[in-house]
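Colleague:
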Amino acid sequence: MRPCTEEWNQLMLEMPVDHVDATTAIIHPSGRLDLQTAQLFRTKVAAAVESSHHRIVVDLAQVTFMDSSGLGALIAGLKTARQAGGDLRIAAVSAQVTMVLELTQMHRVLRAHDTVDDALDGM
Amino acid sequence: MTPPSGERWDADVTALDRMHAVLEQTWRAHPQVPELDRTALTLSLAELVANVAEHSGATSLWFGVEVTTDALIAVTQDDGVPTPHRFRSALVTEDPYAEDGRGMALARHLAQLSYDRVEECNRWQVVRPISSS
């Protein structure tokens, strides 16, 4: 799907990003974070970092399902944010997301915070 | 060729929507299946189907799932390239910042997978025993 088509623009609206301040953003994926939505997520992170919002919290409260592609996208986001001098934290994970993180031992790299506020704390 | 059993879908990302919908229907029809087993089977199958959509070059994917008293049994078949027997996939990757290479290991951890090449098709059987209460 090419950027700037109507479909693309519609998709971009489906993963809102809040700018908390000049350097901090909260990304809100919803539904499934998998092969279908991973690219959109990566695009959102890139756009945030591009606009100097390199401190990123990913609010996973509305994510009902994540697979290894979704996990890969989170990891890619973490690397992008850190390369820009920032960080990426995740918040409000479901039992299913926790399962994926723990099976892959990524819960040590992507430490889950209970709430977005907890994640923002000390960023 | 004997047509594979199950529903036929396009072997692209839309197959994921269809797979999740069929599984949701299945859980509604079988409310006794424990949450853990639903989650495990769903994730295992999602990894397999994503793999087919992304890497196999397949046009078609056939999908079927059934619930028995002891197990959840799914079969997927696709007309893509032969799936390599040795997967470089691990639950815990050497480089923790690796963005891929975990999917098949996850699938195999969560269910019993068996693979066959049948009449130019890849056929996967995925079995998740139902946890006893």
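As given, the protein sequences belong to chains D and S, one line each in that order.
My numbering puts the first residue of the first sequence at 77, with every later residue one more than the last.
My numbering puts the first residue of the second sequence at 255, with every later residue one more than the last.
For every residue, glycine included, the Cβ atom is placed at its ideal position computed from N, Cα and C.
The model shown is predicted, which means the values in this text are computed figures rather than measured ones.
1) Does DSSP classify Arg356 (chain S) as helix, strand or coil?
2) Kindly indicate which residue of S:Ala294, S:Gly334, S:Ser259 and S:Gly318 has the alpha-carbon position closest to the one of Val306 (chain S).
3) Determine the direct distance from the alpha carbon of Asp264 (chain S) to that of Ala328 (chain S), and round the result to whole angstroms.
4) Rounded to a whole number of angstroms, what is the C-alpha to C-alpha distance between Ala152 (chain D) and Arg118 (chain D)?
5) What does the Cβ neighbour count give for Gly311 (chain S), buried or exposed, with the cut at 16 atoms within 10 Å?
6) Between which residues of its own chain and Leu270 (chain S) is the CB-CB distance below 8 Å, once the five residues before and five after are set aside?
7) Between Val319 (chain S) and Gln279 (chain S), what straight-line distance do the alpha-carbon atoms span, to the nearest angstrom?
8) Please classify Gly198 (chain D) as buried or exposed, where buried requires at least 16 other C-beta atoms within 10 Å of its C-beta.
9) Under the rule that 16 or more other beta-carbon atoms within 10 Å means buried, what is Gly161 (chain D), buried or exposed?
10) Could you check whether the Cβ of Glu348 (chain S) sits closer than 8 Å to any Cβ belonging to chain B?
11) Strictly below 8 Å CB to CB, what residues from chain S border Asp143 (chain D)?
12) For the segment 167-180 of chain D, which residues have a beta carbon sitting closer than 9 Å to at least one beta carbon of chain S?
Modeller: The short version:
1) If DSSP states are grouped into helix, strand and coil, Arg356 (chain S) belongs with coil.
2) Ranked by Cα distance from Val306 (chain S), the options S:Ala294, S:Gly334, S:Ser259 and S:Gly318 are led by S:Gly334.
3) Taking the straight line joining both Cα atoms gives about 18 Å.
4) So the alpha carbons of these two residues sit roughly 7 Å apart.
5) Gly311 (chain S) comes out exposed.
6) When the five nearest sequence neighbours on each side are left out, the beta carbons in the same chain lying within less than 8 Å of the beta carbon of Leu270 (chain S) are those of Ala300, Val303, Ala304 and Ala307, in order along the chain.
7) Going by the C-alpha atoms only, they are around 11 Å apart.
8) Under this definition Gly198 (chain D) is an exposed residue.
9) With fewer than 16 other Cβ atoms within 10 Å, it is exposed.
10) Within the model displayed, chain B is absent; protein chains D and S are what it includes.
11) Within chain S, the residues near Asp143 (chain D) are Leu297, Ala300, Glu301, Ala304, Gly357 and Leu360.
12) Taking 9 Å as the Cβ-Cβ cut-off against chain S, the residues of the segment 167-180 of chain D that qualify are Ala171, Gln172, Met175, Val176, Leu179 and Thr180.
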